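Here's the structure we're looking at; comments come further down.
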Amino acid sequence: MEDTVGLKINKNDNVAVVFAENAKKGVRLNVTDHKGNVSILVLLSDIPYGHKAAVASIKKGSPIIKYGETMGIATTDIEAGEHVHVHNADSQRGRGDIQD
Amino acid sequence: MEFKGYMRKNGKAGSRNYVAIIPAVSCANDVAMAIQAQTDNTRGLYHHQGCCQLPPDLDRVTESLIGLGCHPNAGAVLVVSLGCEGTDVERLVNEISKTGKPVELIEIQKLGGTSKAIEAGTNAAQNLAVSISGLQREPVDISNVIMSIKCGGSDATSGLASNCAIGYVADRIVDLGGTVIFGETTEFLGAEHILAKRARTPEAGRKIYEIVNQMETRAKSMGCDMRKGEPTPGNIAGGLSTIEEKSLGAIAKSGSRTIEGVFDYTDIVTDQKGLWIKDTPGREMEILTGMAVSGSQCMLFSTGRGSPQGFPIMPVIKICGNPLTYEHLINDMDINAGKIIKGEKSIEEVGEAAFNKMIKVLSGETTKNETIKYYSSIDIYTLGPVL
Numbered sequence: 010m011e012d013t014v015g016l017k018i019n020k021n022d023n024v025a026v027v028f029a030e031n032a033k034k035g036v037r038l039n040v041t042d043h044k045g046n047v048s049i050l051v052l053l054s055d056i057p058y059g060h061k062a063a064v065a066s067i068k069k070g071s072p073i074i075k076y077g078e079t080m081g082i083a084t085t086d087i088e089a090g091e092h093v094h095v096h097n098a099d100s101q102r103g104r105g106d107i108q109d
Numbered sequence: 046m047e048f049k050g051y052m053r054k055n056g057k058a059g060s061r062n063y064v065a066i067i068p069a070v071s072c073a074n075d076v077a078m079a080i081q082a083q084t085d086n087t088r089g090l091y092h093h094q095g096c097c098q099l100p101p102d103l104d105r106v107t108e109s110l111i112g113l114g115c116h117p118n119a120g121a122v123l124v125v126s127l128g129c130e131g132t133d134v135e136r137l138v139n140e141i142s143k144t145g146k147p148v149e150l151i152e153i154q155k156l157g158g159t160s161k162a163i164e165a166g167t168n169a170a171q172n173l174a175v176s177i178s179g180l181q182r183e184p185v186d187i188s189n190v191i192m193s194i195k196c197g198g199s200d201a202t203s204g205l206a207s208n209c210a211i212g213y214v215a216d217r218i219v220d221l222g223g224t225v226i227f228g229e230t231t232e233f234l235g236a237e238h239i240l241a242k243r244a245r246t247p248e249a250g251r252k253i254y255e256i257v258n259q260m261e262t263r264a265k266s267m268g269c270d271m272r273k274g275e276p277t278p279g280n281i282a283g284g285l286s287t288i289e290e291k292s293l294g295a296i297a298k299s300g301s302r303t304i305e306g307v308f309d310y311t312d313i314v315t316d317q318k319g320l321w322i323k324d325t326p327g328r329e330m331e332i333l334t335g336m337a338v339s340g341s342q343c344m345l346f347s348t349g350r351g352s353p354q355g356f357p358i359m360p361v362i363k364i365c366g367n368p369l370t371y372e373h374l375i376n377d378m379d380i381n382a383g384k385i386i387k388g389e390k391s392i393e394e395v396g397e398a399a400f401n402k403m404i405k406v407l408s409g410e411t412t413k414n415e416t417i418k419y420y421s422s423i424d425i426y427t428l429g430p431v432l
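What follows is the structure, given as structure tokens:
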């Protein structure tokens with residue numbers, strides 16, 4: 010069976026990108042970091058190809074970090090291994106629905 | 046290093062040699078299409094602007110059409126006017142004529158209507174086509190290249206594979222003395238601080254913040270969350286959750302060199318070299334047009350979901366970051382950057398393959414978009430209301 014691989018791009022990231030078609034709940038994800046070191050993350054959700062898994066717990070209101078930069082804010086508490094996407098991550102930009 | 050191009054009288058080098066048929070207003074499109082259908086080696090620029098717009102937008106339309114008419118891939122130009130448009134037709138024809146290329150004008154209302162205009166325009170276009178058909182390619186130094194960049198139909202692979210491969214090519218072209226232009230101001234939101242740090246001057250850095258602020262203000266004026274507009278539903282399905290995430294991946298395609306400054310949408314590249322930004326939206330029709338207005342002879346286009354678009358007079362090379370998409374849409378994609386995701390090739394190796402393909406395309410080899418005849422993605426980016 011093909012390895013279930015994820016990529017943590019920057020050392021400060023709290024998400025990894027999943028590049029596998031078999032990343033189902035309960036599967037052990039092989040997370041490669043920027044130095045090529047591999048760690049194991051047990052998935053708490055099914056994660057589609059190209060989507061993100063949290064590699065650390067992220068508190069509601071805290072930044073979601075990818076490429077070492079803030080890419081959004083958690084709208085719920087997120088556990089390591091959970092799918093991170095539009096259901097629990099909000100943008101801070103182009104928000105005409107929010108008063109400054 | 047050289048490619049084989051068509052030298053124009055104004056010193057610019059083309060990668061193609063077409064008769065460009067330019068409707069001065071969308072109302073002239075049907076006549077222009079009939080002329081194109083009857084004339085070999087023509088490309089029509091069928092936009093949807095030029096009337097019932099505020100003067101600043103009408104100026105943008107005139108100036109954009111001037112840029113397209115002056116494009117070095119157009120060996121000759123036929124302008125098709127209805128006769129009552131807001132576009133400044135006289136200025137359009139005069140400015141294109143200054144390049145030294147042959148320009149003809151037909152006016153539908155003056156000629157007595159559609160069928161008479163089609164007849165006159167077809168005769169004019171056929172004469173132009175014959176007149177430029179014998180021109181030969183000759184060696185041109187690579188420093189004459191104006192390479193444009195875009196990413197479309199992005200997914201999570203774009204920022205890690207295809208954009209990085211294009212960034213490699215961008216660095217190579219800058220180092221060889223050429224010009225590279227990237228745009229999509231919307232996709233700077235959340236990454237503008239990184240770009241501004243790469244600006245040549247404090248003024249250029251301030252300009253980057255200014256165009257991002259203008260774009261974001263326009264988006265917010267609708268009173269809703271920008272999500273679904275940017276990132277698009279396709280981006281979201283591909284794993285991109287926010288515009289910030291999309292932007293942080295999008296800027297990888299600009300490579301690593303210093304950003305010299307910011308062009309306005311209608312600016313034509315004269316003698317500027319190095320890496321530049323052009324203030325454009327992300328949507329294909331408007332950015333492809335803006336980049337062609339610059340005089341770009343070739344675009345490198347990164348995709349993950351699989352965007353097929355091309356432009357009438359500018360070849361577009363598709364670099365696909367998603368290995369599944371590349372296999373699935375193989376007849377639309379030129380370069381497989383999915384090998385980076387699979388660990389089979391490095392960014393440098395794929396970048397070199399893209400660079401070599403670009404040199405061939407500049408010298409006449411066709412892209413997939415040209416081969417499948419998917420090249421009518423054109424429209425002019427305007428800012429005000431339609432009246």
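Protein sequence lines, in the order shown, are assigned to chains X and S.
Going by our numbering, the first sequence wraps up at 109, each residue one higher than the last.
Going by our numbering, the second sequence wraps up at 432, each residue one higher than the last.
Ideal Cβ positions, reconstructed from N, Cα and C, are used throughout, including at glycine.
Remember, it's a predicted structure, so these values are computed and weren't measured experimentally.
Residue i: contacting residues in chain X (beta-carbon distance under 7 Å)
i	result
I386 of chain S	F28
Outcome for residue i when other beta-carbon atoms lying within 10 angstroms are tallied against a minimum of 16
i	result
C251 of chain S	The identity of residue 251 of chain S in the sequence shown is Arg, whereas the question assumes Cys. Exposed, because fewer than 16 other Cβ atoms sit within 10 Å of the Cβ of R251 of chain S.
M10 of chain X	The pLDDT assigned to M10 of chain X is 45, lower than 50, so where the model puts this residue is not dependable; a value taken from the coordinates is nonetheless given after this. Per the 10 Å Cβ criterion, exposed.
M271 of chain S	buried
E135 of chain S	exposed
P433 of chain S	What the structure shows of chain S is the stretch from 46 to 432, and residue 433 of chain S is not part of that stretch, so it cannot be assessed.
G77 of chain X	exposed
A62 of chain X	buried
A77 of chain S	buried
P247 of chain S	exposed
For residue i, the nearest candidate out of the options (CA to CA)
i	options	result
E47 of chain S	S:L407, S:A399, S:Q317 and S:H93	S:L407
E329 of chain S	S:I386, S:T303, S:I423 and S:I67	S:I423
V361 of chain S	S:I404, S:R53 and S:T370	S:I404
M359 of chain S	S:Y371, S:T84, S:S71 and S:K413	S:K413
F356 of chain S	S:G327, S:K418, S:Y371 and S:D309	S:K418
N208 of chain S	S:S421, S:I392, S:D133 and S:S339	S:I392
V190 of chain S	S:T224, S:K402, S:H373 and S:E229	S:T224
D216 of chain S	S:G198, S:I304 and S:I141	S:I304
G283 of chain S	X:E88, X:N97, X:I18 and X:P57	X:P57
Cα-Cα separation between residue i and residue j, rounded to whole angstroms
i	j	result
L53 of chain X	G70 of chain X	21 Å
G56 of chain S	D55 of chain X	58 Å
L103 of chain S	L137 of chain S	12 Å
L333 of chain S	G294 of chain S	20 Å
L320 of chain S	E91 of chain X	40 Å
P184 of chain S	K49 of chain S	5 Å
D220 of chain S	I211 of chain S	14 Å
Q381 of chain S	K390 of chain S	For the sequence presented, residue 381 of chain S should be read as Asn rather than Gln. Roughly 10 Å between the two C-alpha positions.
V106 of chain S	C72 of chain S	14 Å
I107 of chain X	M267 of chain S	11 Å
S160 of chain S	T79 of chain X	59 Å
A241 of chain S	A249 of chain S	8 Å
V27 of chain X	K34 of chain X	13 Å
D233 of chain S	C97 of chain S	Here the sequence assigns Phe to residue 233 of chain S, which means Asp is not the residue at that position. Distance between the alpha carbons of F233 of chain S and C97 of chain S is about 31 Å.
E415 of chain S	G89 of chain S	14 Å
V338 of chain S	I66 of chain S	15 Å
A398 of chain S	N118 of chain S	24 Å
H238 of chain S	I296 of chain S	11 Å
E88 of chain X	A65 of chain X	7 Å
T348 of chain S	A236 of chain S	19 Å
I177 of chain S	Q154 of chain S	28 Å
D200 of chain S	G157 of chain S	51 Å
S352 of chain S	E372 of chain S	14 Å
Contact list for residue i against chain S, beta-carbon separation under 7 Å
i	result
H94 of chain X	S286
D106 of chain X	G268, C269 and D270
Beta-carbon neighbours of residue i, restricted to chain S and to distances below 8 Å
i	result
R102 of chain X	L234, G235, E261, M271, T287, I288 and E289
H60 of chain X	A201 and G284
Cross-chain neighbours of residue i in chain S, by beta carbon under 9 Å
i	result
T85 of chain X	Ordered by position in chain S, no residue passes the 9 Å Cβ test against T85 of chain X, which lies about 13 Å from the chain.
Beta-carbon neighbours of residue i, restricted to chain X and to distances below 8 Å
i	result
L293 of chain S	K75, Y76, E78 and M80
Interface residues of chain X facing residue i [CB-CB closer than 9 Å]
i	result
I281 of chain S	H94 and V95
Short-range partners of chain B found in the stretch 247 to 272 of chain S, where Cβ spacing is below 8 Å: Within the model displayed, chain B is absent; protein chains X and S are what it includes.
Members of the stretch 329 to 346 of chain S that neighbour chain X once the beta carbon cut-off is set at 8 Å: none
Residues of the stretch 98 to 130 of chain S whose Cβ lies closer than 9 Å to any Cβ of chain X, in chain order: none
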